[in-house]
Amino acid sequence: MKICLDAGHFAKNNQSPVNKAYYESEMSWKLHLLLKAELERYGFEVVTTRADQKKDLGLEARGRKSAGCDLFLSIHSNACDSESADHPLACVCVSGRCDVLGLDLAQTVAKVMQTHSPGRIWKRKGSGGADYYGVLRGAATVGTPGILLEHSFHTNRRATEWLLNDSNLRKMAEAEAKVIADYFGVSKTVQPTPAQTPTPQPDPDGSFKVRIICAELNVRASAGVQYPVRMTISRNEVYTIVQTAKTSDGGTWGRLKSGAGWINIGAKYVKRI
Ligand SMILES: [Zn+2]
Numbered sequence: 000m001k002i003c004l005d006a007g008h009f010a011k012n013n014q015s016p017v018n019k020a021y022y023e024s025e026m027s028w029k030l031h032l033l034l035k036a037e038l039e040r041y042g043f044e045v046v047t048t049r050a051d052q053k054k055d056l057g058l059e060a061r062g063r064k065s066a067g068c069d070l071f072l073s074i075h076s077n078a079c080d081s082e083s084a085d086h087p088l089a090c091v092c093v094s095g096r097c098d099v100l101g102l103d104l105a106q107t108v109a110k111v112m113q114t115h116s117p118g119r120i121w122k123r124k125g126s127g128g129a130d131y132y133g134v135l136r137g138a139a140t141v142g143t144p145g146i147l148l149e150h151s152f153h154t155n156r157r158a159t160e161w162l163l164n165d166s167n168l169r170k171m172a173e174a175e176a177k178v179i180a181d182y183f184g185v186s187k188t189v190q191p192t193p194a195q196t197p198t199p200q201p202d203p204d205g206s207f208k209v210r211i212i213c214a215e216l217n218v219r220a221s222a223g224v225q226y227p228v229r230m231t232i233s234r235n236e237v238y239t240i241v242q243t244a245k246t247s248d249g250g251t252w253g254r255l256k257s258g259a260g261w262i263n264i265g266a267k268y269v270k271r272i
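Everything in the sequence shown is counted per numbering that gives the first Met the number 0, starting at 0 for the first residue and increasing by one.
As structure tokens, this is what we get:
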């Protein structure tokens, strides 16, 4: 597993209007290096988009640095006109491949930073249906699923104070690395959200884990190909199945514990582990 980390900005850029000590560029540089170290402790190979904090690189070029990686993650803090806005945002690639991980990361940032409002995900298409955000567009051109993670708002004084504290950033790096590690392999723990869980049900006994063995697999609203695709999951990801169902064409489907939907659990697509 290989991950590409991107510090959102370079040198001294995006100074907070409410806290002159804070620069988004300095926070994102520190945090991406801390996260690199944490991910390496889990055995990930980690590359970064720039070697020198003071030198910029174009947005798409940074995304393209993720060629051959399983994930591109760009680190930021957000800005807006309202000083009270205080919530994380994961801008996820329009392919839908990062919806689950993006939400999990945004919710984790909310929990660790204790933001006022919960974390959420957001997608934006640009011309031709490609990703609007340059770094995500660049990553998509080399086939890498990408997330641009906003660590709340540097227009919020409390958030800047939190992010200026190095031991807080270390905590954040640890928490984000754990989320990514869980997502890619060991024990996937996505917090279901109301949007993903129309009818929350207790997990029945006999749940089991599967590893995805095809390149991509559709998660559908219910058991069967006639139901709409909610998202796509990828090779080597591990999911917990809490319920199974047979379809009239002889297929076997499994409901994901996360509440995201159902996948075909035929031997061509998944391996029970
Ligand atoms: Zn930014």
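Glycine included, every Cβ here is placed at the ideal spot set by N, Cα and C.
For Pro-144, the closest C-alpha among the options Gly-67, Leu-33 and Asp-165 is that of Gly-67. In the pairwise beta carbon analysis, the stretch 216-225 is classified as not touching the stretch 19-36: fewer than three pairs are separated by under 8 angstroms. In this structure, the C-beta of Gly-7 approaches ligand 1 to less than 6 angstroms from one of its heavy atoms. The C-beta distance from Pro-87 to Ser-151 rounds to 6 angstroms, short enough to meet the 8 angstroms contact threshold. Under the DSSP assignment, Asp-5 falls in the beta strand (DSSP E) whose first and last residues are 1-6. One alpha carbon belongs to Ser-24, the other to Gln-225, and they sit about 47 angstroms apart. Secondary structure note for Leu-148: its beta strand (DSSP E) is the uninterrupted segment 145-152.
The continuous alpha helix (DSSP H) containing Asn-167 extends over residues 165-183. Closest by C-alpha distance to Ser-94, out of Ala-139, Lys-64, His-75 and Ser-76, is Ala-139. It is roughly 15 angstroms from the alpha-carbon of Trp-28 to the alpha-carbon of Lys-170.
Cβ-Cβ distances below 8 angstroms link Gly-128 to Val-93 in the same chain, with the five nearest sequence neighbours on each side left out; the list follows chain order.
Ala-78 and His-31 do not touch by the CB rule: their CB atoms are close to 19 angstroms apart, not below 8 angstroms. Beyond the five residues adjoining it in sequence on each side, Trp-252 comes within less than 6 angstroms, by CB distance, of Ala-222, Ala-244, Trp-261 and Asn-263 in the same chain, given in chain order. Close CB contacts of Glu-44 within its chain, under the 6 angstroms cut and outside five residues either way in sequence, are with Lys-1 (chain order). Contact between Tyr-41 and Ala-180 holds, since their C-beta atoms are separated by about 4 angstroms, short of 8 angstroms. Annotated three-state conformation of Leu-88 is strand, per DSSP. Per DSSP, the unbroken alpha helix (DSSP H) holding Glu-59 starts and ends at 58-63.
The beta carbon of Arg-156 sits closer than 6 angstroms to the beta carbons of Val-17 and Asn-18 from its chain, once the five residues preceding and following it are set aside; these are given in chain order. When secondary structure is reduced to three states using DSSP, Lys-110 falls in the helix class. Cβ contact annotation for Val-178 (same chain, cutoff 6 angstroms, sequence separation greater than five): Asp-103, Leu-104 and Thr-107, in chain order.
Counting C-beta pairs closer than 8 angstroms gives three or more between the stretch 204-214 and the stretch 229-239, which meets the contact rule. DSSP, read as helix, strand or coil, puts Lys-35 in helix. For Trp-161, the CB contacts under 7 angstroms within the same chain, skipping 5 residues up- and downstream, are Met-112 and Asn-167 in chain order. Boundaries of the beta strand (DSSP E) around Thr-231: 228-233. If you check the CB distance, Phe-207 and Arg-119 do not come in under 7 angstroms. A Cβ-Cβ distance of about 16 angstroms is found for the pair Asp-5 and Leu-100, leaving them out of contact under the 8 angstroms criterion. One alpha carbon belongs to Lys-124, the other to Glu-82, and they sit about 27 angstroms apart.
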